[in-house]
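The working numbering numbers the first residue of the sequence shown as -9 and each following residue consecutively. A virtual CB, placed ideally from N, CA and C, is assigned to each residue, including glycine.
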Amino acid sequence: MPEGTYMIFLDCTEYCQQTGKNLDEVLKAGWNVGVGWQDGRKFKGSCHIRMNLAVPFSRIQEACDRLEKYVFVK
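Here it is, written out as structure tokens:
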């Protein structure tokens, strides 16, 4: 059983239910602010997003800051 990975699988179900947004809107919003991520439906996640973390920590922090400020807002 793997104990580590460089991918994160974000479950956006609760966020989408609370805001009325669908996964396509969330995905597009991320790309619009420069955060590259993948549709998790291709990986059996009905409302999930997959992100690659194999980058310097500063890039991950920058992406998370953008997502918090511009995408995951209510």
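What residues in its chain sit with their C-beta under 6 Å from that of residue i, if we drop five residues either side in the sequence?
i, result
"residue 53", "25"
"residue 27", "20, 39 and 41"
"residue 3", "37"
"residue 23", "56 and 60"
So residue i is in the alpha helix (DSSP H); what residue range does that whole segment cover?
i, result
"residue 49", "47 to 56"
Name the two residues that bound the continuous beta strand (DSSP E) containing residue i.
i, result
"residue 12", "Element bounds for residue 12: n/a, residue is neither H nor E."
"residue 40", "38 to 42"
"residue 33", "Residue 33 -> no beta strand (DSSP E), and no H or E assigned at all."
"residue 62", "It is not in any beta strand (DSSP E) - residue 62 carries neither H nor E in the DSSP assignment."
Verify the CB distance criterion: does residue i have a CB-CB separation below 7 Å to chain D?
i, result
"residue 0", "In the structure shown, chain D does not exist; there is a single protein chain."
Within 10 Å of its beta-carbon, does residue i have 16 or more other beta-carbons around it, so buried, or fewer, so exposed?
i, result
"residue 61", "buried"
"residue 57", "buried"
By Cβ distance, which residues of its chain are closer than 7 Å to residue i, with the 5 residues on each side in sequence left out?
i, result
"residue -5", "none"
With a CB to CB cut of under 8 Å and the five nearest residues on each side skipped, what residues in its chain are close to residue i?
i, result
"residue 33", "-1 and 40"
"residue 6", "12, 13, 16 and 37"
"residue 35", "-1 and 1"
Cβ contact check for the region 1 to 13 and the region 44 to 52: 3 or more pairs under 8 Å: no
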